[in-house]
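Colleague: Take any residue in the sequence shown, note its place counting from 1, add 1, and you have its number in the working numbering.
Quick reminder that beta carbons are idealized off the backbone N, C-alpha and C, glycines included.
Below are the structure tokens for one structure; questions will follow.
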Amino acid sequence: MFLMTKVYRYEYASLSIALLIVYSHMGNWVLIPILYLIPDITALGFFVSTKTGEKTYNLSHTLLLPIILLSGRL
2 MFLMTKVYRY EYASLSIALL IVYSHMGNWV LIPILYLIPD ITALGFFVST
52 KTGEKTYNLS HTLLLPIILL SGRL
């Protein structure tokens with residue numbers, strides 16, 4: 002459990018740094034809070050069903066792919 006806590010901290014720290022770097026170059030600061038909250042917005046899948054909510058929420062909280070994609074843009 003302790004390892005996963007560290008992984009989550011590093012993921013969100015990496016995401017925050019990547020968002021700041023990418024959007025400071027693009028000049029669109031309005032998108033930072035919107036993109037940062039997208040994983041939490043996917044919890045709306047729980048209104049459809051518990052199973053759909055679990056899938057959308059868990060899928061959106063895996064940050065490895067977005068971090069890899071953003072690192073390619075740097």
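#1: In angstroms, rounded to a whole number, what distance separates the CA positions of His62 and Ser25?
#2: Where do the N-terminal and C-terminal ends of the alpha helix (DSSP H) with Thr53 fall, by residue?
#3: Is it right to say Gly46 is buried, meaning 16 or more other beta carbons lie within 10 angstroms of its own, or is it exposed?
#4: With a cut-off of 8 Å on the beta carbons, I'd call Thr57 and Thr43 a contact; round off their distance for me.
Modeller: In brief:
#1: 24 Å
#2: Counting along the chain, the alpha helix (DSSP H) containing Thr53 begins and ends at Thr51 to Ser61.
#3: buried
#4: 4 Å
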